[in-house]
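All remarks here apply to the structure that follows.
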Amino acid sequence: MLVDRRIETEVAGDAEEMPEEAFHAERSINAEMEELTKYVEVITKTIREMECPVRSTSDQLPQATSHLHDLAKMTEEGTHQVLSLTEELEHNRGVMQHKLEQLRANVAGRAVKDIDSILDMVKADEGRLLNIHVALSFQDLVAQRVAKLVTILNEIQHKLLKLVVIFGIQQKKDGNGSKGEGRGYEMLRQLESSKTTALEQDLIDNIMSEFGFS
Amino acid sequence: MIDTGIKVLVVDDMSTMRRIVKNVLRQIGFSDIIEAENGQDALTKLKAGGFGLVVSDWNMPVMQGIELLRAVRADAELKALPFLMVTAEAQKENLIEAVQAGVSNYVVKPFTAEVLQGKLEKIFANLQSPKT
Chain A
5 MLVDRRIETE VAGDAEEMPE EAFHAERSIN AEMEELTKYV EVITKTIREM
55 ECPVRSTSDQ LPQATSHLHD LAKMTEEGTH QVLSLTEELE HNRGVMQHKL
105 EQLRANVAGR AVKDIDSILD MVKADEGRLL NIHVALSFQD LVAQRVAKLV
155 TILNEIQHKL LKLVVIFGIQ QKKDGNGSKG EGRGYEMLRQ LESSKTTALE
205 QDLIDNIMSE FGFS
Chain B
9 MIDTGIKVLV VDDMSTMRRI VKNVLRQIGF SDIIEAENGQ DALTKLKAGG
59 FGLVVSDWNM PVMQGIELLR AVRADAELKA LPFLMVTAEA QKENLIEAVQ
109 AGVSNYVVKP FTAEVLQGKL EKIFANLQSP KT
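Protein sequences appear in the order of chains A and B. For reference, each letter of the first sequence is one residue, going 5 to 218 in our numbering. For reference, each letter of the second sequence is one residue, going 9 to 140 in our numbering.
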């Protein structure tokens, strides 16, 4: 919108005594107002162009945060699984070493040499298994980095929400949720509203069975 | 020489790390190992008494490792307790802060079993021949 009206201006001194100067001052202010109006129009257009990406980014950020939480959780679960398996291996290795030492006491000749070489390998595995354990400490580092990323994303989301509020960008409610009735649809709706993005196989099986999949 | 007969407190908010450190300590020979999820939990357990070593993470919710260290050093009953910091905080500032707070030694993650054992050996050697 352009300013198309003249602006009343007050010029120092008597306007009748300086009609020329007052006229020029008024024209100058009108020109500046016109320029400002154009500037405001450009900014308004830019803000309108920003609406879509800001809205879509502010929609996607909670998902990104959720993915990151899932990532940390999955690496933690995976690490515990590997730890359990290596603990079992270490238990078996210890039993094997003990039995071999007992066996060694009851044999003679070449068998002693053979058992000794097996014992060496079994003992060496103790260190290897321990190194697998310690190598899994990467999970803690991953979780710490993920936590830092989540903090950054939360800050960005907070700032974007401020923009949304300041510029009045409306959150689109499309209402495209799972329609329909019954327990299966109810489970799907719960799934949509839940924060997590990763599904447990049990939950998938339950939902599938509600829809008749065996 | 490491005294493996003492009770050890492993402090870390990550269950995986507590398990890993416990396994390494068991391999070294420790058998009495208790866990705590954060500094506050650790302090409560330490005040109950009986501990001979603390192995703690730095970054934890509720109470951080460095705050736990300061609380331990400020407590008349606990101030002489060996305190090993095992942390991902590898900045020089963190190390200086920990040393100033009275840490016994400092291990950066990721670490190896040998490094952890080596640091424990140093801690126990210092206990037997304290600096004057």
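Just so it is clear, CB atoms sit at the ideal spot from N, CA and C, and this is done for glycine as well. None of the values given here were measured: they were computed from a predicted structure.
- Rounded to whole angstroms, the separation of the alpha carbons of Ala68/A and Gln161/A is 11 Å.
- Note: Asn31/B is not bridge-paired with any residue in the DSSP secondary-structure output.
- When DSSP assignments are scanned along the segment 70-131 of chain B, the uninterrupted stretches of alpha helix (DSSP H) that are 4 or more residues long and fall wholly within it turn out to be 73-82, 100-109.
- Looking at the backbone, the Cα of Leu86/B and that of Ser64/B are separated by about 15 Å.
- With respect to Lys127/B, Val111/B sits apart: the two C-beta atoms are not nearer than 7 Å.
- A Cβ of chain A is located within less than 7 Å of the beta carbon of Lys117/B.
- Distance from the CA atom of Arg59/A to the CA atom of Val168/A, rounded to whole angstroms, is 8 Å.
- In this structure, the alpha-carbon of Glu45/B lies about 25 Å from that of Phe132/B.
- Closest option to Ala106/B, judged by alpha-carbon separation, among Gly47/B, Ile74/B, Gly37/B: Ile74/B.
- Not one beta carbon of chain A lies nearer than 7 Å to the beta carbon of Thr95/B.
- Close to Thr83/A, with beta-carbon spacing below 7 Å, are these residues of chain B in chain order: Thr24.
- DSSP, read as helix, strand or coil, puts Gly58/B in coil.
- Using a Cβ distance threshold of 7 Å, Val154/A and Leu75/A do not count as a contacting pair.
- Scanning the segment 94-139 of chain A for uninterrupted alpha helix (DSSP H) segments of 4 residues or longer gives 114-139, listed from N- to C-terminal end.
- Excluding the 5 residues flanking it on each side, Met71/B has same chain C-beta neighbours closer than 6 Å at Asn46, Gly47, Gln48, in chain order.
- At a cut-off of 7 Å between beta carbons, Ala109/B makes no contact with chain A.
- Residue burial annotation: Asn96/A is exposed, with fewer than 16 other C-beta atoms found within 10 angstroms of its C-beta.
- Contact annotation, Lys127/A with Gln101/A: C-beta distance approximately 6 Å; criterion of less than 8 Å satisfied.
- Using a CB distance cut-off of 7 Å, Ile28/B counts as an interface residue toward chain A.
- Cα atoms of Thr95/B and Leu77/B: separation of roughly 13 Å, rounded to the nearest angstrom.
- Contact check for Pro90/B and Leu135/B: beta-carbon distance about 6 Å, within the 8 Å limit, so the pair qualifies.
- Distance from the Cα of Val16/B is smallest, within the candidate group Gly58/B, Ala88/B, Lys100/B, Arg27/B, for Gly58/B.
- At the C-beta level, Leu123/A and Leu104/A come within 7 Å of one another.
- For Gln143/A, the residues of chain B that pass the 7 Å Cβ criterion are Thr24, in the order they occur in the chain.
- The C-beta distance from Gln143/A to Thr83/A rounds to 4 Å, short enough to fall under 8 Å.
- Under the Cβ criterion of 7 Å, Asn46/B is not counted among the residues facing chain A.
- Its chain contains Val150, Leu153, Val154, Leu157 as the residues whose beta carbon lies nearer than 8 Å to that of Leu72/A, once the 5 sequence neighbours on both sides are disregarded; these appear in chain order.
- Cα atoms of Asp21/B and Asn67/B: separation of roughly 8 Å, rounded to the nearest angstrom.
- With a beta-carbon spacing of about 7 Å, Leu54/B and Val80/B fall inside the 8 Å limit used to define contacts.
- Each residue's CA atom was taken as its position, placing Ala112/A and Ile119/A some 10 Å apart.
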